[in-house]
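Numbering (the numbering used here), first residue to last: 2 to 176. Worksheet for the structure shown next.
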């Protein structure tokens with residue numbers, strides 16, 4: 002899932018955020034992601050990559066739901082809404098995912114159907130496999146340039162490090 006507009010002639014730096022929607026650390030990371038989007042706007046492409054952890058019962062369904070929200074045009078809004086209420090996801094399960102879709106004005110019936118028919122499973126599986134292949138072990142994990150930054154242990158200093166890398170990459174593109 003991407004926060005991008007159609008690609009322009011000049012490629013932008015990409016920040017991949019390996020995340021799952023039942024992760025309290027990913028909720029904490031939202032403030033950093035909002036700050037990065039405010040600072041860089043369209044100059045930095047933000048991509049959500051799914052890495053559902055086995056310890057979270059509804060993480061895989063959450064990843065599929067996020068993909069359905071993206072199809073319906075509100076991917077990031079949906080991700081932020083669910084992450085802001087991870088405890089409710091833990092308590093209510095998959096019906097909560099549909100409830101959030103309804104609250105955002107998405108087609109909740111289509112959401113429910115997507116969770117049942119599994120139309121987004123391949124995307125989630127591919128993200129998870131790629132994450133494992135590059136060494137992602139927990140969430141959130143960030144990949145920008147050729148660097149992987151693990152936010153699952155601590156968020157401290159990560160936004161500043163991401164900004165340093167983004168500034169360097171943007172400087173290289175402008176040179």
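We put the beta carbon where it would ideally sit given N, CA and C, even for glycine.
Just to confirm my understanding: we take residue i, look at its own chain, exclude 5 residues before and 5 after, and list those with CB closer than 8 Å. What are they?
{"i": "residue 163", "result": "16, 33, 37, 143, 145, 150"}
{"i": "residue 25", "result": "87"}
{"i": "residue 90", "result": "22, 23, 59, 63, 83, 97, 98"}
{"i": "residue 12", "result": "174"}
Leaving aside the five residues before and after residue i along the sequence, list all residues of the same chain whose C-beta is less than 6 Å from its C-beta, in chain order.
{"i": "residue 124", "result": "68"}
{"i": "residue 139", "result": "153"}
{"i": "residue 99", "result": "109, 112, 113"}
{"i": "residue 94", "result": "59"}
{"i": "residue 137", "result": "19, 52"}
{"i": "residue 102", "result": "109, 112"}
Quick one: what's residue i bridged to in DSSP?
{"i": "residue 149", "result": "144"}
Can you give me the start and stop residues for the alpha helix (DSSP H) that residue i sits inside?
{"i": "residue 154", "result": "Unbroken run through residue 154: none, as it is neither H nor E."}
{"i": "residue 125", "result": "122 to 134"}
{"i": "residue 115", "result": "109 to 118"}
Can you give me the Cβ contacts of residue i inside the same chain, cut-off strictly under 7 Å, excluding the 5 residues immediately before and after it?
{"i": "residue 166", "result": "145, 146, 148"}
{"i": "residue 41", "result": "167"}
{"i": "residue 171", "result": "14, 44"}
{"i": "residue 30", "result": "141, 152, 156"}
In chain order, which continuous runs of the alpha helix (DSSP H) of length 4 or greater are located wholly inside the segment 16 to 101? Entirely contained in the segment 16 to 101, the alpha helix (DSSP H) runs reaching 4 residues are, in chain order, 25 to 41, 60 to 72, 76 to 84, 87 to 93.
Quick test of the definition: if touching needs 3 or more C-beta pairs under 8 Å, does the segment 108 to 123 touch the segment 57 to 72? At 8 Å Cβ cutoff, the stretches touch.
Can we say the segment 47 to 61 touches the segment 74 to 90, given the rule of at least three CB pairs closer than 8 Å? In the pairwise beta carbon analysis, the segment 47 to 61 is classified as touching the segment 74 to 90: at least three pairs are separated by under 8 Å.
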